[in-house]
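Contents: one structure, followed by commentary.
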Amino acid sequence: MSAVPVRRDESPATAGVDWPRVVHTALVSRALDELEETRLVPARKVLYQFTSRGHDVTQALLAQHLTGARDGISSYYRSRPLLLALGLSIDEALASTMMRTGSMSEGRDVGVVFNLPRRNGPCVLPACGGVGTQYTPSVGWAQSLRYRAQVLGDETARGSIALVHGGEASTSTNGFWSALNIATTQKLPILFYIEDNRYGISVTSDVQTPGGNIAANLQAYRNLEILQGDGSDPFAAAELLQHAVNSTRTGERPVLLRLTVPRLSGHSGQDTQAYKSPDEIAAERARDPLLKLRERLVPSLMTQDAWQQLERRAKQEVEDALQRVEQRAAPDPARATRYAFSETRDDGTLELQQQGGIRNDGIVPAEGSPVPHPEGPRINMLTAIRRTLEHELAINPRVVVFGEDVGRKGGVHAATLGLQEKFGTARVFDTSLSEEGIIGRAVGMAIAGLMPVPEIQFRKYAEPAMEQLNDCGSMRWRTANRFAAPMVVRMPGGFFKCGDPWHSQCNEVQFAHAVGWRLAMPSNAEDAVGLLRSALRGNDPTIFFEHRAMLDGSWARRPYPGDDFVLPFGVARTVRTGEEVTIVTWGAMVERCEEAARLSQVDAEVIDLRTLVPWDREAVLASVRKTRRCVIVHEDTMTAGFGAEIAAVLAQQAFFDLDAPIERLAMPDIPSPHSLGLLEVVVPSVARIVQTVRDVASA
Ligand SMILES: Cc1ncc(C[n+]2csc(CCOP(=O)(O)OP(=O)(O)O)c2C)c(N)n1
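Add 32 to a position in the sequence shown, counting from 1, and you land on the number used in our numbering.
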């Protein structure tokens, strides 16, 4: 911006501000909004338009302070001016809203949901459409900064911060409160930057927090510096923003800054703002920060001519970008399904995401061996899991294990017993009771180059984290392989001695249906070691389901297969060979099916899928083509359970090979009951499996 003449600003707080740059960013943002609102939306070249009018000057100011080598920014759909100031090109911005190639998502995501991979300078984590989803990944990033500096000795992380940007309505979300608790209890270097435009679409801020001022209501929070002011006054905002960022960098506690700004158009292109009175709209226009900026700068710091020159330049740049972007192709339909998971090229090399995971820091885990080297006596599955975690923690300083009670207590199931003593509180730690916080934090950590291993105490309690889980799984696809957040989420579930609706749920099919998650459900200690290690060294997010009945079950015990043992996903195990019926199963049902096969007097083949995503179709198809009959057994409920998927594939691909209808045995569509008498009649029992296998064999 050196070409624009500007006089020195004498105010100490704003002296360092590059005003022409701020003006330029704000004007480009306005020109983009104008172009989209008046031409591209009516022409249906942009389908979702989100204005930044009124939010633009403050964001342009904020960007000037985000200079840390590892600053991590979590943004939302109204953050485009911030992104423009941080390096998003106008071409990229327009390609995104216009759904052309070279956009931030290759036409897969809404055009204001941005990301900017970068390992030197501010990285913008992939934004989501869900309001409030930006907060917990941001605290994960902040915690990783501390981890990188203190545990990995990464000097670039020192003095860097996390910044999370949201509107005032987003402060009502679970994610906000979860992140606030984590940040303040851990004293993390994170700035919560709230732009309060008084409206969440049409709902006023007093519905979000009593009195409508979140900063005022947070005064009692410990370990939090609170700042607020009028974001429509550019000089006051500049001072506050500078102070907020500096304080976050040096103050060893989080900061929350609330700036009030006017939203000068509807919430989105479709919103007519009929809920605002003409007087209110006029009052908002009078508070336009860009008008005020002009009043403050011209003529005292900038000539009228210089301002107009910037205005012309911004408009021209946007017009030029439009010409170029119009020439770009629409996204290639043939690539629409690419990047749901990590992919390899034809030559076998990994097509690595640009950001996220340990491999981007040059760490390539050893491949390991699928051949077990059993050593010592049989151990239970719990010990097998603990030992695998212990070994991977020892050889990979990026592995961090956390969750409710996993630290001092060693987990309510004892899977992490002794790990905190051995590896310290930075690597194995207790979290606040927020599953959204546990998984969201893991997302931020994974993007920052760690390998998080969060534990969800019981599978049912993953529910508060579903939004973060779903958004984590779809991240690679949404960003067209720019970002990914590989992690291993351990969660125990299923019946154990008794059932109940809270601790005994399986519902594994929910994760099979979620995009981008690999899903393991081991039935024994040896498989648990191999699959867990494979996941910990993998490049995709993985759900590792630990069946409670198998953790200490004697059937599931096996000798430890060695520190090198790795099992690939998608390879089933034939537990028992047979010629007359194929039984397909997984998890705790494998033991029952094996026994049932033995007792049935039918020559039944038992297949343990071991992983559901991916699942070994070839093994199942080959077996069914041989036996011509199939029984699928699972503990999850019947309707739309994973058995339905298997049956559908068999019906389509092995229809003419079948001599009998495919049978499914599963829980009826009810939660797991507590009373043993009730449980026994609903979970597939050995006796009922025997009967079903006999029926199918003789059908
Ligand atoms: C979890 C979720 N609920 C609802 C929505 C629909 N929605 C989109 S924006 C919005 C209002 C958000 O307002 P605020 O956080 O104040 O930000 P602003 O739009 O004012 O900048 C709503 C309800 C959503 N995207 N995500």
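Every residue gets a Cβ at the ideal spot worked out from N, C-alpha and C, and that includes glycine.
Does the Cβ of residue i lie closer than 7 Å to at least one heavy atom of ligand 1?
i, result
"His97", "no"
"Val89", "no"
"His405", "no"
"Asn229", "yes"
"Glu755", "In the structure displayed, the chain extends from 33 to 731; residue 755 sits before or after that span and is not available."
"Ala497", "no"
"Arg319", "no"
"Glu200", "yes"
"Arg290", "no"
"Ile233", "yes"
"Gly161", "yes"
"Gly164", "yes"
"His299", "yes"
"Arg110", "yes"
"Arg295", "yes"
Sort the options by Cα distance to residue i and report the nearest one.
i, options, result
"Arg254", "Leu288, Ala127 and Ile233", "Leu288"
"Glu271", "Arg720, Ala368 and His97", "His97"
"Glu422", "Val277, Arg565, Arg514 and Ile226", "Arg565"
"Asp54", "Ala127, Arg328 and Gln240", "A quick correction: the sequence has Val, not Asp, at residue 54. Nearest option by C-alpha distance: Arg328."
"Gly562", "Pro593, Pro496, Ala478 and Arg589", "Pro593"
"Thr511", "Leu79, Met131, Gly450 and Val603", "Met131"
"Val438", "Asn428, Ala458 and Pro429", "Ala458"
"Asp691", "Leu551, Asp265, Val613 and Asp88", "Val613"
"Arg720", "Val681, Glu626, Arg281 and Gly673", "Glu626"
"Gly400", "Val598, Leu67, Gly472 and Gly380", "Val598"
"Pro524", "Ala517, Ser536 and Ala516", "Ser536"
"Glu358", "Val665, Val163, Leu79 and Ala127", "Ala127"
"Arg642", "Ile246, Ile702, Ala567 and Met670", "Ala567"
"Glu436", "Leu259, Arg102 and Ala494", "Ala494"
"Gly526", "Pro703, Gly162 and Asn206", "Pro703"
"Asn392", "His579, Leu644, Pro518 and Asn245", "Pro518"
"Phe601", "Ile395, Thr280 and Ala552", "Ala552"
"Thr70", "Gln302, Asp503 and Ile678", "Gln302"
"Asn502", "Pro321, Ala478 and Trp549", "Trp549"
"Asp727", "Asp701, Cys662 and Ala698", "Cys662"
"Gly153", "Asn229, Leu449, Gly100 and Thr133", "Gly100"
"Leu414", "Gln489, Asn556, Gly531 and Arg491", "Asn556"
"Glu453", "Leu425, Pro149, Phe490 and Pro331", "Leu425"
"Asp635", "Glu623, Ile615, Gly619 and Ile122", "Ile615"
"Phe688", "Asn278, Val485 and Leu653", "Leu653"
"Glu578", "Lys492, Val49 and Val547", "Lys492"
"Ala604", "Trp647, His405 and Pro591", "Trp647"
"Thr282", "Thr617, Ala75 and Arg178", "Arg178"
"Val547", "Cys504, Pro700 and Lys77", "Cys504"
Compare the C-beta of residue i against all C-beta atoms of chain D and say whether one is closer than 8 Å.
i, result
"Gly476", "The displayed structure is made up of one protein chain only, and chain D is not part of it."
Handout entry: Residue ranges of each alpha helix (DSSP H) within the region 239 to 324, 4 or longer
Key = 246 to 249, 266 to 282 and 310 to 318, all fully within the region 239 to 324.
Problem - the region 136 to 145 / the region 437 to 454 touching (three or more Cβ pairs under 8 Å) - result: Counting Cβ pairs under 8 Å, fewer than three are found: no touch.
Exercise for the section: Report yes or no: do three or more beta-carbon pairs, one from the region 534 to 548 and one from the region 336 to 347, lie closer than 8 Å? Expected result: Because the criterion of three Cβ pairs below 8 Å is not met, the region 534 to 548 and the region 336 to 347 do not touch.
Exercise for the section: Any chance you could list the beta strand (DSSP E) runs of at least 3 consecutive residues sitting entirely within the region 533 to 588, in chain order? Expected result: Within the region 533 to 588, complete beta strand (DSSP E) segments of at least 3 residues are found at 550 to 552 and 574 to 579, given in chain order.
Handout entry: Touch test, the region 324 to 343 against the region 98 to 117, Cβ-Cβ under 8 Å, three pairs minimum
Key = For the pair of segments examined, the region 324 to 343 was found not to touch the region 98 to 117: the number of CB pairs separated by less than 8 Å stays below three.
Practice task
Would you list, in sequence order, the uninterrupted alpha helix (DSSP H) runs of no fewer than 4 residues that lie entirely inside the region 610 to 697?
Solution key: Listed in chain order, the alpha helix (DSSP H) runs fully inside the region 610 to 697 are 621 to 631, 649 to 659 and 674 to 685, counting runs of at least 4 residues.
Practice task
Answer yes if the region 221 to 232 comes into contact with the region 189 to 209, meaning at least three C-beta pairs across the two stretches below 8 Å, and no otherwise.
Solution key: Three or more pairs of CB atoms, one per stretch, sit closer than 8 Å, so the region 189 to 209 contacts the region 221 to 232.
Exercise for the section: Flag this pair as touching only if the region 175 to 188 and the region 263 to 279 have three or more C-beta atom pairs under 8 Å; answer yes or no. Expected result: Counting Cβ pairs under 8 Å, fewer than three are found: no touch.
Practice task
Note down, one range per segment and in chain order, each beta strand (DSSP E) of at least 3 residues found wholly within the region 461 to 499.
Solution key: List check, beta strand (DSSP E) in window: 483 to 487.
Problem - In chain order, each alpha helix (DSSP H) run of at least 4 residues that lies wholly inside the region 322 to 404 - result: Listed in chain order, they are 336 to 359.
Problem - Secondary structure, beta strand (DSSP E): runs of 3+ residues fully inside the region 177 to 226 - result: The region 177 to 226 contains these whole beta strand (DSSP E) runs: 194 to 199.
Handout entry: 3-residue-minimum beta strand (DSSP E) runs that sit fully inside the region 402 to 438, ordered along the chain
Key = Runs found: 407 to 411 and 431 to 435.
Practice task
Evaluate contact between the region 289 to 308 and the region 77 to 84, counting only Cβ atoms and requiring at least three cross-stretch pairs below 8 Å.
Solution key: At 8 Å Cβ cutoff, the stretches touch.
Problem - Secondary structure, beta strand (DSSP E): runs of 3+ residues fully inside the region 86 to 166 - result: Those beta strand (DSSP E) runs which fall completely within the region 86 to 166 and span 3+ residues are 104 to 106 and 155 to 157.
Handout entry: At least three beta-carbon pairs within less than 8 Å, the region 464 to 473 to the region 157 to 176
Key = Touching, per the Cβ criterion.
Practice task
Decide yes or no for the touch test of the region 661 to 675 against the region 495 to 505: beta carbon pairs closer than 8 Å, at least 3 of them.
Solution key: With the rule of 3 Cβ pairs closer than 8 Å, the region 661 to 675 does not count as touching the region 495 to 505.
Practice task
Taking 8 Å as the threshold, find out whether the region 148 to 164 comes into contact with the region 56 to 70 through three or more Cβ pairs.
Solution key: The region 148 to 164 is not in contact with the region 56 to 70.
Handout entry: Inter-stretch contact at 8 Å, needing at least 3 Cβ pairs: the region 307 to 314 / the region 237 to 248
Key = Taking 8 Å as the limit for Cβ pairs, the verdict is that the region 237 to 248 does not touch the region 307 to 314.
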